[in-house]
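Per our numbering, the sequence shown starts with residue 68, numbered consecutively.
Don't be surprised by glycine CBs; every beta carbon is placed ideally from N, CA and C.
Given the structure is predicted, the values throughout are model-derived calculations rather than measurements.
Just below is one structure, and these are the notes that go with it.
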Amino acid sequence: MLIIRCSKCKNKLFKYEKIGKGKLLHLWKKRIKKEYSIIKSNKNIYCECGNLIGVDEGIYIKIIKSSITYSGEIIK
């Protein structure tokens, strides 16, 4: 389980179940276990501090890599 945080203010954004190796390019909505401090505006996802986190593409959220940091274990 990964804890995804804003790179600017370090607030928690998501608790996410990452499966398999590879980069974290987008978040599948069915694997998001908990949402913390996010603001949805049209298709954009923002942190409470105003940092743009990603774009809602339907079944997944395409994230901006420089906007987040994460920690935790990846399920293999």
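Here's a check: name, in chain order, each residue in its chain whose Cβ is nearer than 7 Å to the Cβ of residue 142, leaving out the five neighbours to either side. 84, 85, 86
Assuming residue 90 and residue 118 are in contact, meaning their beta carbons sit under 8 Å apart, how far apart are those beta carbons, in whole angstroms? Wrong, their Cβ atoms sit about 20 Å apart, outside the cutoff.
DSSP state of residue 108 mapped onto helix, strand, coil: strand
Short Cβ contact (8 Å threshold) for residue 80 with residue 135: yes
With DSSP as the reference, identify every bridge partner of residue 138, one or two as the case may be. 70
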